[in-house]
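Report on the following structure.
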Amino acid sequence: MVILVANFVSLPRAFVWIGVVLSLLTGLAGGLVAGRLTSGGWHTRAIHALLTGLLGGLLFGVTLWFSMSYAIPRAEYSVMWAINYLLATNPLGIQQLPWLYTGNTLGIVLVLLSMGLFAVEGYIAGGAVSQTDHRSQWD
Numbered sequence: 445m446v447i448l449v450a451n452f453v454s455l456p457r458a459f460v461w462i463g464v465v466l467s468l469l470t471g472l473a474g475g476l477v478a479g480r481l482t483s484g485g486w487h488t489r490a491i492h493a494l495l496t497g498l499l500g501g502l503l504f505g506v507t508l509w510f511s512m513s514y515a516i517p518r519a520e521y522s523v524m525w526a527i528n529y530l531l532a533t534n535p536l537g538i539q540q541l542p543w544l545y546t547g548n549t550l551g552i553v554l555v556l557l558s559m560g561l562f563a564v565e566g567y568i569a570g571g572a573v574s575q576t577d578h579r580s581q582w583d
């Protein structure tokens, strides 16, 4: 859901960068939910949240790459537009790593980075969430 909002909803210019930060923190929210719904110790909750973060990061990275390559439309001043603008106007390391900006190489890097970011966020949030007994809610 966050990915759709990040791609198709225009934000006021003052809130675009807040939306970028919030969308990059969705791994924390996914990890929190996965950790709360998983029974077991902190390590089990953290692993489930890590897997949730990997999946969310994959979806986010692929959507970002498709929106950058115009395979899917994106709204102007949306979160994905802002990330694309940031990458287009500040090509980090283009002098040192020119191969990164050829073909689909940048897309692979963006997908892997977003998967890593969301997985780490999910792992931290899933391991840090308190353990609750969900059976007592339904009895």
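Heads up, this note's numbering is the position in the sequence shown plus 444, with the first residue counted as 1.
Using N, Cα and C, we set each Cβ at its ideal position, and we do this for glycine too.
These numbers come from a predicted model, not from an experiment.
Query	Result
Suppose you measure from the CA of residue 459 to the CA of residue 473; what does that come to, to the nearest Å?	20 Å
Out of curiosity, what's the CA-to-CA distance linking residue 468 and residue 556?	14 Å
Would you mind working out which of 504, 470 and 455 sits nearest residue 552, comparing C-alpha positions?	504
Taking DSSP as the reference, what is the three-state secondary structure of residue 454?	coil
At the level of alpha carbons, what is the spacing between residue 547 and residue 518?	21 Å
If contact is defined by three or more beta carbon pairs under 8 Å, each pair taking one atom from either stretch, is the stretch 484-501 in contact with the stretch 524-533?	no
Confirm, please, whether the CB-CB distance from residue 464 to residue 523 is below 7 Å.	yes
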